[in-house]
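The structure appears right after this line, and notes come after that.
Number of protein chains: 2
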Amino acid sequence: MPTYKAPVTDTLFILNDVLSIDRYANLPGFANASADMVEAVLEEGGRFCSEVLAPLNAIGDKEGCTRHADGSVTTPTGFKDAFAQYVEAGWPLLGIPEEFGGQGMPHVITCVMEEYTNAANQAFAMYPGLTQGAIAAILAKGSDEQKAKYVPNMASCKWGGTMNLTEPHCGTDLGLIRTRAVPNGDGSYAISGTKIFISSGEHDLTENIIHLVLAKTPDAPDSVKGISLFIVPKFLVNDDGSLGARNSLSCGSIEHKMGIHGNATCVMNYDGATGYMVGEENKGLAAMFIMMNAARLGVGIQGNALADVAFQNAVAYAQDRRQGRALTGPAEPEQKADTLFVHPDVRRMLMEAKAITEGMRALCLWGGLQVDLSHVAETEEERQTADDLISLLTPVIKGYGTDKGYEIATNAQQVYGGHGYIEEWGMEQFVRDARITMIYEGANGVQAMDLVGRKLAQNGGRAVQAFFAIVDKECAAAKGDAVLTDFASRLEKANGELKAATMWFMQHGMTNPNNVGAGAHSYMHIMGIVSLGLMWLRMASAAQVKLAAGGGNTSFLEAKLATARFFAERVMPEAGSLRRKIEGGCDSLMALRPDQFIAA
Amino acid sequence: MPTYKAPVTDTLFILNDVLSIDRYANLPGFANASADMVEAVLEEGGRFCSEVLAPLNAIGDKEGCTRHADGSVTTPTGFKDAFAQYVEAGWPLLGIPEEFGGQGMPHVITCVMEEYTNAANQAFAMYPGLTQGAIAAILAKGSDEQKAKYVPNMASCKWGGTMNLTEPHCGTDLGLIRTRAVPNGDGSYAISGTKIFISSGEHDLTENIIHLVLAKTPDAPDSVKGISLFIVPKFLVNDDGSLGARNSLSCGSIEHKMGIHGNATCVMNYDGATGYMVGEENKGLAAMFIMMNAARLGVGIQGNALADVAFQNAVAYAQDRRQGRALTGPAEPEQKADTLFVHPDVRRMLMEAKAITEGMRALCLWGGLQVDLSHVAETEEERQTADDLISLLTPVIKGYGTDKGYEIATNAQQVYGGHGYIEEWGMEQFVRDARITMIYEGANGVQAMDLVGRKLAQNGGRAVQAFFAIVDKECAAAKGDAVLTDFASRLEKANGELKAATMWFMQHGMTNPNNVGAGAHSYMHIMGIVSLGLMWLRMASAAQVKLAAGGGNTSFLEAKLATARFFAERVMPEAGSLRRKIEGGCDSLMALRPDQFIAA
């Protein structure tokens, strides 16, 4: 059975030595995040994830959720108790503003706990995770009354939250939604329609569930410009905060899925349910994107979390399992065989996993920090710069991060050979669970289009130009350093591929926008490679500084330098071929008529 | 629910226009394979797969196999009846030599049926598939008496067959096996030990099951040089061919797996079971490799079969599902949205699937033809050339083919968005089923090492030099053709990457063999790309000839040319980055101590 150990050492290295978050101690929230406090929080959070959540992961997969005849849903054995412990320990409150009863920690710290909880038990982590998203939307767009009425109980996870977007006939294209919201005359609306794929839609973990639902008012435009957002509570909430009548909504069924069995994925039926508009009429999509963007960063973290736990177990197996001999001669002649670790191809899979997961961890936390800075940095310019950066990187973190997360989970399973295919070893669950991260919160093709179709062009390309400049500047600085110079040159080259691809889009997108669409996925991957390259440059640089100072964990720091080298030699070369694919343009993709795909 | 339609048109194009198998009509077996006969066989076989086997695929997944208290195993609903129809129609006999009651069709034709049956229902196809492997080993290494006694009933699938290699502590490293074979004094042996992961190990489809078991005789060397192969029948067979006593072997349990639920993967316990040695003592591994090599080609076909059925369904879904608008403006303004087909990123996934599956189909059939030619070509030189080629290509077909098969199945699932993750849509089953093909019959890392560690060096590199020469020659010929010249130049370039990588291995493998091991997986993929490139050159060339002649299916042939272009522009560029990864060598892979992989 797999185990999980939170990577606290690596996290602290990133927070303290790479991001130097102590620089921001003067900013709101960061005062709560002193180095000692953060270390204590992560140690304790990591322990909780390892000891309480991880042991329930396989149980959740095996049992799944159960919907009863009355529409109620029971979570797997142990989830309710673990959730109570999670709430009792105050984990949901970590990043909640102090005015709503939270601990007001910066977002970058909550990102760490998002990683740990998802690595330990993704299906479980989704219950509080969706609630956080719903809170974010209410805080951003809700009225003061709505905030006061719903947020404190959601913040403590006394109540849960959900996002209701998808309908049977529409997912990506929300302009097609049919759910209606008819004014009741008292300021509330009657919500009617069917929503599908509603994660945590119904369960037994919380007293109430606050559904955030996209719907159309009677005279709304027939497009995405006609969507409004509504709070639709499972139990109506009285003015004194007590629970009122059961609202007319219900879970019609739960889906049988490839993975994340422990999370109830519900078909939700709204039959004239009472709902309250959040923000302005017909501006629901903008409000939903507040949740969406936070959720997309979260899904990138989730993909990396699954990669990391799968990687950890593959390392343990490779060390434990003896099979064959080193190509250079028996490593342990007294044993009947060497460990899997002697085999270069096993090393390849493990080093890829290490290079990507640690790089992604740094990227996700850098991204999380930008979310903080976009809100609380001292100057408008700094806030704008941070907002540009996280807008640009969100689709990369989500799309590249989850593509790689699935690949790494698959490779970690591969290290187990035949045993990896057997349920009881637990590795195949990671693959099945990781698979959803490439799909939900906008499939990765949608992320790629968001990147190249929206984020590149916004404000005359300001964000991507700023990104190029950061990479160039740090490469230039590192090239003077004997240890870093080779890495910096290679990163500069990869950045050059990214620039060239960007230029190619500018030159060929005008004549045919499909030229951009055709290269979107490859572009997202090049940007992922360059972003991780930047993170590895920073990690290598920080490691070298600490090594030179003679302090710190030498073994850990030397591993950082070796892994950076692996990243440069074994991951970065992909950027070149991805660029050449982009330069193939759209013609060969669009040439066939649909009926030509399969020969009659 | 997914459907399956056998790609008969494409298969016939490959057999007739690309491989021109009518050239071999003078060779044994090929006389049975006239164009008319082959077309009739494939049409009928395809119909059987679509109508009988495919509808049972989801049922098999859902129900799985059931082991009863007495050790007997029941296959899923419908399997027994479908198997009876399969036997009744004579499908198992297709490639069996006429002297054993078969139809004596060339191997290349049986490869086609292997693809179709696996695409329709992999778990089902494995029952007769394993039997074919067992027959191959007995035919190659068994005594005449053994052949007469076992082969005819196995050939008709009245009896089944299995391969018993793996034990709990050893899979890849068969030198470690512990199963013992003690002489009974009457020429038979008493076999004792536990074998795991035995596909089709116990079931209710056949009257008897002939297990082929690797075991060690009492004084055998303690390595792979001390392994012998034994026939161990479930029911002993009397001299008159009737069934005798139940042998002392049993299915101890069946594994719960990620996929292929419809096939019983058994723990087999041998408790002094009566067995009969096949071939010479201590030469069992060589005999097993006869099965293995056929099985590896078969697994490559299987990976491609799963890719194809997943692709077919993704195409249908992309045409059916409407979401969003073309980037170039509404394609069907009268509809509320365009089909998924308008989106370049959906096209990318579908075109990749088309380019790889059709290319792999050609490669598998070219490989199957080499198996035939290695046995029946007229001259020793031709037989040797064919044997060299299939030895070289087998790990590529297995390793590259199944890596890509899984990727394509995953992308096909991606086309479905959220629905792809839901069991009832059936796409996630293809991914789970495809996953095993990367693991069994030698994990893909083992394939890569077989390629670079054995196949490249054999006979002074004769096989790979011959392969280079074929590619160079056909590229040179095609470069004079205006339609093919760009493709040929690109293929020549990819072949150049392969040659450079080969040279790099020669130069750096001597100083450290890990330099070869570290690049093995990338090398296997470059060779896969070049091999498929060669197939696409041949397909494009054949298509162009037919188009110029004004005959044939224009739509189909034009699609071949367009897909070849896609392959050149969108797949071939990977060869360059793979070569650069190889040239990184082993240092960065081997640098870390095992304890440095996870920070303490």
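Protein sequence lines correspond, in order, to chains A and B.
Using UniProt numbering, the letters of the first sequence map in sequence onto residues 1 to 600.
Using UniProt numbering, the letters of the second sequence map in sequence onto residues 1 to 600.
C-beta: ideal position from N, C-alpha, C; glycine also.
Note that the coordinates shown come from a computational prediction; the quantities given were computed from them, not determined experimentally.
Find the nearest neighbour of residue i within the set the options, judged by alpha-carbon distance.
i, options, result
"residue 375 (chain B)", "B:389, B:183 and B:200", "B:389"
"residue 408 (chain B)", "B:467, B:384 and B:347", "B:347"
"residue 524 (chain B)", "B:564, B:496, B:79 and B:395", "B:395"
"residue 212 (chain B)", "B:242, B:564, B:313 and B:165", "B:165"
"residue 284 (chain A)", "A:269, A:220 and A:345", "A:220"
"residue 79 (chain A)", "A:160, A:204 and A:317", "A:204"
"residue 271 (chain B)", "B:107, B:570, B:513 and B:192", "B:192"
"residue 329 (chain B)", "B:321, B:339 and B:535", "B:339"
"residue 595 (chain A)", "B:571, B:593, B:591 and B:557", "B:557"
"residue 262 (chain B)", "B:514, B:243, B:200 and B:317", "B:200"
"residue 440 (chain B)", "B:554, B:260, B:216 and B:9", "B:260"
"residue 432 (chain A)", "A:448, A:412, A:449 and A:417", "A:412"
"residue 75 (chain B)", "B:473, B:436, B:56 and B:458", "B:56"
"residue 434 (chain B)", "B:223, B:123, B:491 and B:59", "B:123"
"residue 320 (chain B)", "B:406, B:404 and B:335", "B:335"
Hey, is residue i's beta-carbon within less than 8 Å of any beta-carbon in chain B?
i, result
"residue 451 (chain A)", "no"
"residue 285 (chain A)", "no"
"residue 354 (chain A)", "yes"
"residue 414 (chain A)", "yes"
"residue 479 (chain A)", "no"
"residue 438 (chain A)", "yes"
"residue 7 (chain A)", "yes"
"residue 418 (chain A)", "yes"
State yes or no: is the beta carbon of residue i nearer than 8 Å to at least one beta carbon in chain A?
i, result
"residue 405 (chain B)", "no"
"residue 281 (chain B)", "no"
"residue 127 (chain B)", "no"
"residue 399 (chain B)", "no"
"residue 170 (chain B)", "yes"
"residue 601 (chain B)", "Lying outside 1 to 600, the shown extent of chain B, residue 601 (chain B) is not represented and no answer is given."
"residue 565 (chain B)", "yes"
"residue 341 (chain B)", "yes"
"residue 570 (chain B)", "yes"
"residue 588 (chain B)", "yes"
"residue 344 (chain B)", "yes"
"residue 324 (chain B)", "yes"
"residue 580 (chain B)", "yes"
Below 7 Å CB to CB, which residues in the same chain sit around residue i once its five sequence neighbours on both sides are set aside?
i, result
"residue 298 (chain B)", "114 and 129"
"residue 25 (chain A)", "31"
"residue 446 (chain A)", "172"
"residue 300 (chain A)", "364, 397, 398, 401 and 402"
"residue 464 (chain B)", "392, 456 and 502"
"residue 349 (chain A)", "411, 414 and 415"
"residue 560 (chain A)", "539, 540 and 543"
Could you pull out every residue in the same chain whose Cβ sits closer than 6 Å to the Cβ of residue i, ignoring the five residues on either side in sequence?
i, result
"residue 309 (chain B)", "4 and 119"
"residue 293 (chain B)", "394"
"residue 168 (chain B)", "196"
"residue 2 (chain A)", "313 and 426"
Every unbroken alpha helix (DSSP H) within the region 37-72 of chain A, with a cutoff of 4 residues, ordered by chain: 57-63
Curious, which full-length beta strand (DSSP E) runs of at least 3 residues does the UniProt domain "Acyl-CoA oxidase/dehydrogenase middle" (163-271) of chain B contain? 180-183, 189-199, 208-215, 228-233, 235-237, 243-246 and 249-254
Name, going along the chain, the residues of the UniProt domain "Acyl-CoA oxidase/dehydrogenase middle" (163-271) of chain B whose beta-carbon falls closer than 7 Å to a beta-carbon of chain A. Within the UniProt domain "Acyl-CoA oxidase/dehydrogenase middle" (163-271) of chain B, the qualifying residues are 166, 170, 171, 172, 173, 176, 197, 255, 256, 257 and 258.
Please list, in chain order, the residues of the region 303-322 of chain B that have any C-beta partner in chain A closer than 7 Å. 312, 315 and 319
Taking a cut of 9 Å between CB atoms, which residues from the region 491-525 of chain A lie near chain B? 512, 513, 514, 515, 516, 517, 518, 519, 520, 521 and 522
Taking the runs of the alpha helix (DSSP H) that are 4 residues or longer, which of them lie wholly in the region 365-416 of chain B? 380-415
Determine which residues of the region 41-52 of chain A have a Cβ less than 7 Å from any Cβ of chain B, and write them out in chain order. none
Residues from the region 78-89 of chain A in contact with chain B, defined by Cβ distance under 9 Å: Listed by position along the chain: nothing, the set is empty.
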